[in-house]
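K.L.:
Below is the structure I would like to discuss, written out as structure tokens.
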Amino acid sequence: MEPSSIEIAPLQYQGGFGGFMIIGRWPREVVEWSKMLVLAVQLAAVPGLLPASTVFCVEEKVPDDSADGGGLHAVGRATRAGSFVGEQPLQPGRFADPLPPALVVLHPPASTRSSVPEYEVASGCILLPGLPHLGLDHRAAWVAADAGGTVTELHSRCGIDPNRDADTAALALLLAA
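Numbering (the working numbering), first residue to last: 3 to 179.
Following this line, the structure appears as structure tokens:
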């Protein structure tokens, strides 16, 4: 029997936020992915946890000990892949083969302009790549939230054109072969 809930657990990488484990089951549609993105953005809003805008690759890999009998049923993970700028920026086509189920970019508060000035928020975007030539549309979600749990923006859409938004365009470039 498939678990009904989706949970995420943060992963640490060199003292910072290294991504998250997806536990229970895979999100089935863009709204469920956006709920996961809310949690990831709230983590990115914690001061000092994410020093710069960072890309994470969602993969169907789990640690060998995920079926440890303790009730953990990991189905995948989103791991830190790198950034768009800096000493070793991610290159276009980096994730073209194999195509991941999703790419995520998280922006810390220092890189996010809040739509509600009273809140210092982090933001993020998840791109669920489709195969438009086969009738499978690209989907995406965008979130802005603070570390205390306040969500100031949440959008999810199916049938997007990745070139109409800076985050989805950059993520699509990483997927382009």
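Beta carbons are placed, not taken as given, at the ideal position from N, Cα and C, and that holds for glycine.
Excluding the 5 residues preceding and the 5 following Gly20 in the sequence, name in chain order all residues of the same chain whose CB lies nearer than 7 Å to its CB.
P.N.:
So the qualifying residues of the chain are Leu13, Gln14, Thr81 and Arg82.
K.L.:
What residue does the beta strand (DSSP E) around Glu155 start on, and which one ends it?
P.N.:
Start and end: Val153 to Cys160.
K.L.:
With Ala42 and Leu92 assumed to form a contact (beta carbons below 8 Å), what rounded beta-carbon distance in angstroms separates them?
P.N.:
That pair is no contact at about 18 Å.
K.L.:
Is Ala47 buried or exposed, if buried means 16 or more other CB atoms sit within 10 Å of its CB?
P.N.:
Per the 10 Å Cβ criterion, buried.
K.L.:
Is DSSP giving Trp144 helix, strand or coil here?
P.N.:
Strand at Trp144.
K.L.:
Just tell me which of Pro29, Arg115, Leu52 and Phe86 has its CA closest to the CA of Glu61.
P.N.:
Nearest C-alpha to Glu61: Pro29.
K.L.:
Please tell me whether Cys127 and Arg141 are closer than 8 Å, where the distance is taken between their beta carbons.
P.N.:
Contact: no.
K.L.:
What number of angstroms, rounded off, separates the C-alpha of Val153 from the C-alpha of Val33?
P.N.:
Straight-line Cα distance between these residues: approximately 15 Å.
K.L.:
If you run the structure through DSSP and keep just helix, strand and coil, what is Glu61?
P.N.:
Correct three-state label for Glu61: strand.
K.L.:
Less than 7 Å separating the Cβ of Gln93 from some heavy atom of the ligand MG?
P.N.:
Absence of the ligand MG is noted for the structure shown, with no ligands found whatsoever.
K.L.:
Per DSSP, what are the beta-bridge partners of Ala80 in this structure?
P.N.:
According to DSSP, Ala80 bridges with Phe22 and Val60.
K.L.:
In this structure, does DSSP put Glu120 in helix, strand or coil?
P.N.:
In the structure shown, Glu120 sits in coil (DSSP, three-state: anything other than H, G, I, E or B).
K.L.:
Look up Glu31 in the DSSP assignment and say whether it is helix, strand or coil.
P.N.:
Reduced to three states, the DSSP call for Glu31 is coil.
K.L.:
Output yes or no for whether 8 Å exceeds the beta carbon distance between Val57 and Ser36.
P.N.:
Going by C-beta atoms, Val57 is not nearer than 8 Å to Ser36.
K.L.:
As a quick exercise: from Arg79, Leu101 and Leu45, pick the residue whose alpha carbon is nearest that of Ser145.
P.N.:
Going by the sequence as given, residue 145 is Val instead of Ser. Per the Cα distances, Leu45.
K.L.:
Would Leu39 and Val123 be called neighbours here (beta carbons separated by less than 8 Å)?
P.N.:
No.
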